[in-house]
Amino acid sequence: MEKKNFAKIIVNNKSSKTDIEYTYGISQKHKDEIKIGSRVIIPFGKGNKLIEGYVVDIIDSIHIDVSRVKYIQQIVHEDTALSQELIDLCRWMKEAYMCKFIDAIQCVMPTGTSLKLHKIIALHDNVDKKKIEQYGLKDEEKIVIECLLARTSVTEEFLKRYMKEQDVRRVIEKLIEKNMIVLKHRFKSDVNVVYQKVIQLSPRIDKMDVLRQINPRAKKQREVVQYLIENGSVVWSVLKTAVDVTLNTIYTLAEKNLIEIIEVEKRRDPYDDMNVIKKRPPILTEEQNHAVKTISSSMHKNTYKPFLIHGVTGSGKTEVYMELIDLVIKESKEAIVLLPEISLTTQMIGRFKERFGDIVAVLHSKLSLGERYDEWHRIKEGQVKIVIGARSAVFAPFENLGIIVIDEEHEHTYKSEYSPKYHAIDVAKFRCQRNNAILVLGSATPSVESYTKTLNQEYQRIDMLHRFNKNPLPSIEIVDMREELDEGNKSVFSKKLYEGIMDNLQKKEQTILFLNRRGHSTFISCRKCGYVVKCPHCEISLTYHSGSHNVSCHYCGFRQKPPTICPSCSSKYIKYFGAGTEKIEKLTQKYFPNANIARLDLDTTSKKGTMDKTIQNFKRGNIDILIGTQMIAKGLDFPNVTLVGVIAADTNLNLPDFRSAERTFQLITQVAGRSGRGNVFGKVIVQTYEPEHFSITSAQRHDYISFYNQEILLRKEFFYPPYASLVNIVFTGKKEEEVIQLSNDFADKLKAKIIKYKLNIKDIIYGPHPAPLSKIKEKYRWQMIIKCKPVDQNTIQGIINYIRFESREKDDYKNIHMSIDINPFNML
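Going by our numbering, 615 is the number at position 586 of the sequence shown; the sequence numbering is gapless.
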């Protein structure tokens, strides 16, 4: 029997039941075009509905029943085809993070390019528009025809809105039967390619002959041609301004065949207004040189190797990254640089463009869909060599990676909270191993897991213990807020911090105030009966925002006006408790009325460009005091900042999270590192109600080793990472009794399988029990946490997958959503 070509395809469908590789035939006309990674349109399901799919394998087999095989209909945008490496990465993510294959693929694809099927309805060519009344149409059919007469064609979605409550699909089917309308299918993405007009002289005519063919009195035409002779082809918007000409003049010259108007794809550059002057790299310090030589010696071996640079804040890690990337580019390879916060990208992009020019691209979620697509396309086409961005930039479609750098590697933002719940470091390891590339992690406060890997020889550690400008690290003073309260100070500002800010204002030096909580007040409560204002859709207290005079839910977005009397007991004793950055801003304005103050948090940076504008204003010295959340705690470099105030250092310590001490140490150390980066010695004032806690005292001494030694003992005692692997399973549904029943049923099956595989069941499964956030968006949440030895993790995941597959086949969990997070950073 003759062998046939077949493709294994993942369909773009979110159902867990379709998370399998479907076999499709490859017709003769597509045989030479189809490859692994191709995006295609295929008929799917009983109704052969056209749907988008991705080719993940190509096979030749004589064991396939050809009579039942469906064929690929169309290949879509070959410029968005994925490489074999990225398809393999998606397959690995599916297994590692227990997600659907299509979810992994959509991580790798540029956002907004996923194709959506639109049904386009138009009048049949045979319909006599002048005799519509003679067709004997029903009222609802007339509405559709009248709509088409006015608009030529419409989408099914438009008709549904236009006809409101009526059964649109039934009406469409009747009109198709009557040959009144035709139904066409069109695939469309959310991203559109933008074109611009480019004007150039006709290549068929000699330059010097063009002017002779224009009437001397046609001054504008002559000006246009003279400009094109001197400057070559030019974008219409530039020509229009330069010559002050209209399109009529351009069209006249084109009709004479003297010039040509070409439609060229326009690149949407998110940083086209950045004025960058190329700079020569500075002379490296001894520690920087040592780091570069140590890492570069491994580059020439063309093999994967991970490094951890443990460098204090201000030690010059970025210069080390750039020096290494320069070496990579000289070997005709490519580099990815990951940053934990979008707020850091503009500053980092500026530094990289000063060094490397236009071979730098950027990828992060604050870009528009068009900007992201254009940057992704530049990377895919090989027009750039360096990508800088947040977590998702790790998927940049390079095909010859030489290095991936992950700055501030300890940050929780590198762990996705949406499916697939990947960690960027794990993905970077996979890509570096596949490309025989170098992985460089950098941090002043490495994660406990990463530092342990250096002690176990899994990573090579490089220490950078001094600031590049030879300045000492800032002094950190701890203020016990209990003593402040005893002395009658009920303000959020201690006496020391108030005096420090006043002193800085007088010396024209800048101050950063840090509080890792946004909003004005964290909750509103009745002092008489204890009632707390909560979200009606989530089991969460609402946060008060004074700017909008609303209380809002930071999980579902619900908003309402705050109550003036208690909804429970009708008393007037409503009080606002707690403080967020918005409240700190108001109090700062009150105590320091002559200061220029700005705030950086999610509420002030929702509008595109506002974050960069605030950072630039602070850098130029237009802002005296910058107030913010963790987005200002790391990476930013402002030489005139000499004071950092940490308003409430123990905020994280009170969270139900085994990493709370680690996060407290990291945040204090990182935000302290913003001080004293210039020529003036820096100072940090940390306010806390727990001044004796080891995370705070270790941060005061800039003593990572002391912190690590105490923290690792606790991790070992209570069996937490790096000694254990964690799996967090959250069951979500609208009916609480169903959530409880099915989560318990899942736990029972899991325990039975664990016993069967002879794993140690003692203290391995916790729950199911209500999640810390037990209700979000009208859905109840129950949680189960599994602890296991790292060597048993694959077995545990295999058991979970078996139970999921078995339950999916029986439809046991059709009303319940199950979210699985491997080694989670957020246990809520």
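All C-beta atoms, glycine included, are put in the ideal place defined by N, C-alpha and C. Since this is a predicted model, take the numbers as computed values, not measurements.
For Val670 against Ile505, the beta-carbon gap comes to about 15 Å, at or over 8 Å, which does not count as contact. A check of alpha carbon separations from Lys785 across Arg556, Lys482, Ile828 identifies Ile828 as the nearest. Note on geometry: alpha-carbon atoms of Lys334 and Tyr480 lie some 16 Å from one another. Annotation: the continuous beta strand (DSSP E) that includes Glu289 extends over 288–294. Between Val366 and Ile415, the CB-CB gap stays under 8 Å. If you look at Met192, you'll find it in the alpha helix (DSSP H) that goes 185–192. The three-state reading of DSSP puts Leu396 in coil, since its state is none of H, G, I, E or B. Scanning the stretch 683–742 for uninterrupted alpha helix (DSSP H) segments of 4 residues or longer gives 689–701, 723–729, listed from N- to C-terminal end. Under DSSP, Cys817 shares a beta bridge with Ser754. Judged by their CB atoms, Ile378 and Ile417 are nearer to each other than the 8 Å cut-off.
Closest in C-alpha terms to Thr374, from the list Leu665, Ile656, Gln317, comes Leu665. Out of Thr109, Lys46, Glu446, Val40, the CA that lies nearest to the CA of Arg837 is found in Lys46. For His319, there is no enclosing beta strand (DSSP E); the residue is found in the alpha helix (DSSP H) stretching over 315–328.
Bounds of the alpha helix (DSSP H) holding Leu240 are 236–241. Distance from the CA of Ile656 to the CA of Val508, rounded to the nearest whole angstrom, comes to 19 Å. In the three-state DSSP reduction, Met377 falls in the helix class (H, G or I). Counting along the chain, Asn464 sits inside the alpha helix (DSSP H) bounded by residues 453–464. Gln486 sits exposed, since fewer than 16 C-beta atoms from the chains shown fall within 10 Å of its C-beta. Judged by DSSP in its simplified three-state form, Tyr605 adopts strand. Contact between the stretch 347–363 and the stretch 272–292 is absent: fewer than three C-beta pairs spanning the two stretches fall below 8 Å. One Cα belongs to Cys567, the other to Cys128, and the distance between them is close to 26 Å.
Contact between Lys444 and Phe854 holds, since their C-beta atoms are separated by about 4 Å, short of 8 Å. Where Lys217 is concerned, the enclosing beta strand (DSSP E) starts and stops at 210–217. Where Asn579 is concerned, the enclosing beta strand (DSSP E) starts and stops at 579–581. Here Ser554 has Tyr560, Val561, Val562, Ile603, Lys604, Phe606 as same chain residues with Cβ atoms under 8 Å from its own Cβ, once five neighbours each way along the sequence are excluded. Apart from sequence neighbours up to five positions away, the residues of its chain that approach Val211 with a beta-carbon distance below 6 Å are Ala151, His153, ordered along the chain. Residue state for Cys555 is assigned as strand, using DSSP reduced to three classes. A residue is called buried once 16 or more other Cβ atoms fall within 10 Å of its Cβ, and Thr332, having fewer, is exposed. Boundaries of the beta strand (DSSP E) around Ile149: 145–152. Counting only runs that start and end inside the stretch 71–95, the beta strand (DSSP E) elements of at least 3 residues fall at 78–90. Taking 8 Å as the cut-off, the beta carbon of Val137 is found closer than this to the beta carbon of Phe424.
When DSSP states are grouped into helix, strand and coil, Leu368 belongs to the coil group.
Measuring C-alpha to C-alpha distances from Ile63 to each of Lys78, Asn77, Tyr83 identifies Tyr83 as the nearest.
Approximately 19 Å separates the beta-carbon atoms of Lys346 and Ile358; this is outside 8 Å, ruling out the contact. Inter-residue distance for Pro310 and Gly650 is about 25 Å (C-alpha atoms, whole angstroms). Check the Cα spacing between Asp168 and each of Ala466, Lys524, Lys145, Met192: the tightest is with Met192.
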